[in-house]
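In the numbering used here, the protein residues as written are 4 to 441.
For glycine and all other residues, C-beta sits at the position ideal for the given N, C-alpha and C.
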Amino acid sequence: MERTWHKQLPAADLLVQGGRVVDPGTGVDAVQDVLIAEGKVAQLGKGLVAPAGARVVDAAGMLVLPGLVDLHAHFRTPGREDEEDLATVSAAAAAGGYVAAFGMANTDPVTDSAGLLRGLARQAEQDALVPLGFYAAVTRGLCGEQLTEMGELGAAGAVGFSDDGCALPTAAITRRALQYAKVSGRFVAVHAEDGSLHEGGQMHEGPASARLGLTGIPSLCESLDVARALDIAAYEDASVHVCHVSSEDSLRTIAKAKEAGVRVTAEVTPHHLTLVDEQVASFDPNFKMNPPLRAERDRRALVEALRSGLVDCVATDHAPHSPEEKDAPFEEAPFGVVGLETAFSVLYGALVVSGEIPLATLVTRMSSAPARIAGLQAPAVAAGAVADLCVVDPQAVWTVTAAGLRSRSHNSPWLGRELTGKVRLTVAAGRVAWDDLA
Ligand SMILES: [Zn+2]
Ligand SMILES: [Zn+2]
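Set out below in structure tokens:
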């Protein structure tokens, strides 16, 4: 069953020479040449010779990694093509080293019918540089009342079900969603939030919100709803995925559920792993997201959870916003930041270079782990596999600028900042999707 779609570019014939191949799935961490023929990894070894007509890429000093997979992005299509469309979001994904990305259903109209989902798939076949897939809504119009036709949507290729952007309002809806998703062989991705504790909130509730005079969103707002979803998943023996975990309290709940054998997976974003509530003091709307940036102790707990595997994967929650909407006073600006093009560099610099997380662990959490949750073959730099890989220059230092981003929107908290490690080449589904080497 197809879960992603992309346009048919010419298959790659490449010899990637002398890079350090790091593939935790096969256990390889060694300098190797990688020969790609007709879009497949044909051979790994030393001193490989390029066949006639194949391009040779000098990857000396670079990393050759399995391609990244993003379980959680917002494509803004249909409805807000002024902010992003499938061409721009897939270009951004490719530039970030991604070989697949999945879009949430809070589009306009909402992705809540099989017809709409099939239409998006056809559009991806026209426009997408890397394979894209789609969530279907849990409830019609994201209204939290009537369930969608989950069987039909699963058959149309929905990767999973989510009302992301909104929480599921009641235990009864959550329960029925998990029951139907289980029958259709899919998971439900939960945006955990207790609406009564979120109302009017601008940032994490703590000393910083008190000092800045902004309305706080307590971490309890998330952890209470996580606990409810996991209790229901346990009761129904159904699969649930917790989106953008942000607090230590939620991690404790997830740990307990995993110990008890509940079928739960969880993701964390690059911004929650590297930024904290104190940074809101700038009143820069690019530090406003939902869930909000939390306290330093939460951030440290998230990093440890990513290292240990308590949190299964990194997801960007790439959320493009137009400048007209985002360049507003902090209180009025919408929640969300873009992230596809900076995710690997941000985490490589902040967590790998600093020694907090081994490179192989980061690669697993950004590649094979999310691929498995999505039901995709895990990307591998191994003979016989479809070429789904990226080449990263770990020494490159680059500055994030609006003009340098492929995304149509530029609402990044890293604008103007220097990042370490740059994706130079991405081969997705056997096609060169990003080339910053030429
Ligand atoms: Zn969300
Ligand atoms: Zn989201």
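Does DSSP put residue i in a helix, a strand or coil?
i    : result
V37  : strand
S311 : helix
Q11  : coil
A436 : strand
K425 : strand
L418 : coil
S268 : Looking at the sequence shown, residue 268 is not Ser but Thr. Three-state result, T268: strand.
V340 : coil
L296 : coil
C224 : helix
G118 : helix
R231 : helix
D320 : coil
R302 : helix
L254 : helix
D287 : coil
D280 : helix
R6   : coil
L181 : helix
For residue i, which residues of its own chain have a beta-carbon under 8 Å away from its beta-carbon, when the five flanking residues on both sides are left out?
i    : result
S10  : A quick correction: the sequence has Lys, not Ser, at residue 10. Cβ neighbours of K10 beyond the five flanking positions: A127, E128, Q129, D130, A131 and L132.
G204 : T218, G219, I220, C224 and P295
T345 : G99, P273, V403, S415, W417 and L422
T91  : R409, S410 and R411
Apart from the five residues on each side of it in sequence, which residues of its chain come closer than 6 Å, Cβ to Cβ, to residue i?
i    : result
G106 : A76, F78 and F137
E328 : P337
L430 : The sequence given here has Val at residue 430, not Leu. If we look at V430 and ignore the five residues flanking it on each side, its Cβ neighbours are A15, A390 and L392.
D301 : S250 and E251
V341 : H321, P323, S410, S412, N414 and S415
C146 : none
A241 : L181 and K185
Beta-carbon within less than 7 Å of residue i's beta-carbon, same chain only, minus the 5 sequence neighbours each way: which residues are those?
i    : result
P81  : T110, D111 and P112
L120 : T114, F137, A139, L156, A159, G160 and A161
A228 : With the sequence shown as reference, residue 228 is identified as Asp, and Ala is not the correct amino acid for it. Answer for D228: A170, A195, E196 and D197, listed in chain order.
G352 : L422, T423 and G424
A96  : D73, A104, V133 and L343
T142 : E148, Q149, L150, T151, D166 and I176
T319 : D73, H75, A76, T272, P273, G342, L343 and A346
For my contact list, residue i and residue j are in at a C-beta cut-off of 8 Å; report their separation, rounded to the angstrom.
i    : j    : result
A386 : A45  : 7 Å
V279 : E299 : 5 Å
V317 : L350 : 7 Å
G163 : A192 : 5 Å
A236 : L181 : 6 Å
V37  : V67  : 6 Å
V384 : R427 : In fact, because the Cβ distance is near 15 Å, the residues do not count as touching under 8 Å.
L233 : V265 : 6 Å
A372 : D315 : 5 Å
P27  : T268 : Incorrect: roughly 18 Å between the Cβ atoms, too far for contact.
Taking 8 Å as the cut-off, does the stretch 271–283 touch the stretch 242–262 (at least 3 CB pairs, one atom from each stretch)?
yes
Residue ranges of each alpha helix (DSSP H) run of no fewer than 4 residues wholly in the stretch 74–105, ordered along the chain?
89–98
Mind pulling the beta strand (DSSP E) runs of 3 or more residues that sit fully within the stretch 185–222?
191–193
Is it the case that the stretch 420–434 contacts the stretch 400–407, given that we only count it when at least three CB pairs across the two stretches are under 8 Å?
yes
Check whether the stretch 20–30 and the stretch 46–63 touch, using three or more Cβ-Cβ pairs below 8 Å as the test.
yes
Just list the beta strand (DSSP E) runs in the stretch 142–179, keeping only unbroken ones of 3 residues or longer that don't cross its boundaries, in chain order.
none
Which ranges does the alpha helix (DSSP H) cover as unbroken runs of at least 4 residues, wholly within the stretch 346–413, from first to last along the chain?
346–350, 362–369 and 371–377
What ranges does the beta strand (DSSP E) occupy inside the stretch 43–70, keeping only unbroken runs of at least 3 residues that lie completely in it?
43–48, 58–61 and 66–69
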